[in-house]
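Let me begin by presenting the structure, written as structure tokens, before commenting on it.
2 protein chains.
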Amino acid sequence: MPKLVDHAERRAAIALAAAGAIAELGLMGTTVREIARRSGFSKGIVEHYFSGKEDVIAAALEQMNKRYLVREEKQTSGRLGLDALRARMYCVLPLDKETRQEWKIRLSFWSLAAIDSAARKEQRQRLKLTRERFQIDIEQAVEAGEISVAVDPAHAAMQLSSFMAGVSCCALMDSHYYSKTMLSELIDNTLNKLVTGVCL
Amino acid sequence: MPKLVDHAERRAAIALAAAGAIAELGLMGTTVREIARRSGFSKGIVEHYFSGKEDVIAAALEQMNKRYLVREEKQTSGRLGLDALRARMYCVLPLDKETRQEWKIRLSFWSLAAIDSAARKEQRQRLKLTRERFQIDIEQAVEAGEISVAVDPAHAAMQLSSFMAGVSCCALMDSHYYSKTMLSELIDNTLNKLVTGVCL
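Protein chains in written order, with full-length UniProt numbering: chain A, 1 to 200; chain B, 1 to 200.
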């Protein structure tokens with residue numbers, strides 16, 4: 001009996017190979033041939049699973065994003081409110097090889113999403129889910145009396161999540177200036193403002 | 001006598017054509033052939049001025065960035081402190097065709113800079129100059145008594161400039177949620193916190 005092919009597994013393996021290629025060679029350097037080479041499948045099989053490079057990039061980001069969400073879930077697990085929020089903010093920063101790889105793929109996908117409406121739609125959904133996770137932490141922090149009821153959780157979630165996106169992009173570009181110490185101070189400082197209500 | 005060739009002008013024309021192509025077709029869709037077609041020069045001439053696509057992208061970003069800096073200079077001219085800071089924050093937002101084009105090219109360049117150390121070095125320099133322009137506004141605002149002397153201008157400049165980067169990326173992805181009204185409120189709200197020292 002011929003071995004059954006696990007299509008989802010193959011697709012995931014190709015997406016993972018693509019993620020590695022994009023993070024190392026960039027969008028332009030990543031070819032279907034290179035993805036095939038890294039995944040161990042033929043060019044024909046890669047093309048069977050993905051209709052084009054845009055498709056592979058989207059799958060690579062989905063793959064990386066899944067990994068990111070598992071890590072975030074793990075690092076915020078058992079935490080609530082401010083404590084969870086702090087962990088969530090740390091979790092996205094490009095401070096090691098794994099998170100830097102995620103940001104490289106994210107940026108590649110963003111540059112694709114900027115011109116491709118289907119990719120942009122996916123990205124909008126991801127941004128929304130990110131804001132919602134931030135919002136839940138903030139709501140819990142308000143409930144627990146950790147931060148003032150005067151804080152609007154939806155607005156604060158939007159502010160914090162876009163701030164973290166910008167800071168992460170900057171840190172990917174300049175890991176010396178945006179050092180781990182500086183980023184820790186930044187997160188502490190930002191959360192402290194939410195807690196004390198004092199900005200200075 | 002043969003017409004003298006203005007090399008800088010040719011280079012700029014090719015970079016401008018490349019910028020248009022990247023903003024419309026993305027990094028992957030932009031070929032040397034397409035840049036040649038749009039600039040009206042031959043593929044050979046494009047290749048004479050730029051050693052590769054990375055080169056053209058860097059030049060396209062430089063071109064767009066120059067335009068951005070001219071606009072920023074114009075919109076902040078005659079303004080000081082908080083007033084200049086507000087104008088500077090508005091100036092970068094992807095609210096019209098021109099600024100959206102700039103962000104598309106910026107994102108393409110960032111995804112290149114994430115894997116290319118020469119491009120990253122350029123980007124670090126640009127981030128530094130951006131922080132410095134923010135810092136000067138904040139220093140003036142402190143001097144004018146518009147914001148408290150307790151604010152550290154360098155730190156606030158870093159925070160505001162990375163925040164604006166993140167917000168702009170989010171707005172490029174979701175112009176409906178990050179509407180003009182929402183972005184205006186966001187800027188007013190952020191500046192208001194600096195002025196009052198109250199975060200709520």
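Cβ atoms here follow ideal geometry from the backbone N, Cα and C, with glycine treated the same way.
On a predicted model such as this, the values are computed, not experimentally measured, just so you know.
Item	Value
Closest by C-alpha distance to Leu-112 of chain A, when choosing among B:Ala-17, B:Ala-23 and B:Glu-62	B:Ala-23
Local conformation of Val-149 of chain A per DSSP, three classes	coil
Listed by chain order, chain A residues near Ser-108 of chain B by CB distance under 7 Å	Ser-111
Contacts of Met-28 of chain A in chain B (Cβ-Cβ under 8 Å)	Leu-27, Met-28, Lys-53, Glu-54 and Leu-112
Residue 216 of chain A: contacting residues in chain B (beta-carbon distance under 9 Å)	Nothing can be reported for residue 216 of chain A: it is not among the residues displayed for chain A, which extend from 1 to 200.
CB contact flag (Glu-146 of chain A, Val-198 of chain A, <8 Å)	no
Member of A:Gln-75, A:Ala-18 and A:Leu-27 whose CA lies at the smallest distance from the CA of Ala-60 of chain A	A:Ala-18
In DSSP terms, what Val-198 of chain B is bridged to	A:Val-198
Local Cβ density within 10 Å of Asp-96 of chain A, reported as buried at 16 or more and exposed below that	exposed
Min CB distance Gln-140 of chain A to chain B below 8 Å	no
Reduced DSSP secondary structure (H/G/I, E/B, other) of Ser-111 of chain A	helix
Coil, strand or helix - Val-5 of chain A by DSSP	coil
Spatially closest choice to Val-70 of chain A from A:Cys-91, A:Leu-80 and A:Arg-126, by CA coordinates	A:Cys-91
Interfacial residues, the segment 156-184 of chain B to chain A, with Cβ spacing under 9 Å	Met-158, Gln-159, Ser-161, Ser-162, Phe-163, Met-164, Ala-165, Gly-166, Val-167, Ser-168, Cys-169, Cys-170, Ala-171, Leu-172, Met-173, Asp-174, His-176, Tyr-177, Tyr-178 and Met-182
Presumed contact (8 Å Cβ cut-off) between Arg-88 of chain A and Arg-133 of chain A, rounded CB distance	7 Å
Separation of Ser-148 of chain A from Leu-80 of chain A, as counted between CA atoms	16 Å
Boundaries of the alpha helix (DSSP H) in which Ser-117 of chain A is found, first to last residue	117-143
Straight-line Cα distance separating Val-56 of chain A from Leu-41 of chain A	Sequence check: residue 41 of chain A is Phe here, not Leu. Each residue's Cα considered, the two are about 14 Å apart.
Given Met-158 of chain A as reference, the closest of A:His-7, A:Glu-143, A:Val-142 and A:Ile-136 once Cα atoms are compared	A:Ile-136
Cross-chain neighbours of Met-145 of chain B in chain A, by beta carbon under 8 Å	Looking at the sequence itself, residue 145 of chain B is Gly, so the reference to Met does not match. None at all; the shortest Cβ gap to chain A is about 14 Å.
Rounded straight-line distance, which links the Cα of Gly-20 of chain A to that of Gln-101 of chain A	8 Å
Chain A contact for Lys-104 of chain B (CB, 8 Å cutoff)	yes
Beta-carbon separation (whole angstroms), Ala-36 of chain B vs Val-46 of chain B, contact threshold 8 Å	5 Å
Cβ distance (whole Å) where Met-173 of chain A is taken to contact Arg-131 of chain B below 8 Å	Actually they do not touch by this definition, with Cβ atoms about 12 Å apart.
CB contact below 8 Å: Leu-194 of chain A versus chain B	yes
Chain A within 8 Å of Gly-197 of chain B, Cβ atoms only	yes
Partners in chain B for Arg-120 of chain A, counting only beta-carbon separations shorter than 9 Å	Leu-172, Met-173 and Asp-174
Exposure of Thr-31 of chain A, with buried meaning 16 or more beta-carbon neighbours within 10 Å	exposed
Straight-line gap, Leu-27 of chain B to Lys-180 of chain B (C-alpha atoms, nearest Å)	28 Å
Sequence-distant residues of its chain with Cβ nearer than 6 Å to Ala-84 of chain A (five each side left out)	Thr-76 and Asp-137
Proximity of Gly-166 of chain A and Ser-162 of chain B at Cβ, strictly below 8 Å	yes
Backbone secondary structure at Arg-100 of chain B - three-state DSSP	helix
Residues, ordered as in the chain, of the segment 121-138 of chain A that lie near chain B by beta-carbon distance below 7 Å	Gln-123, Arg-124 and Leu-127
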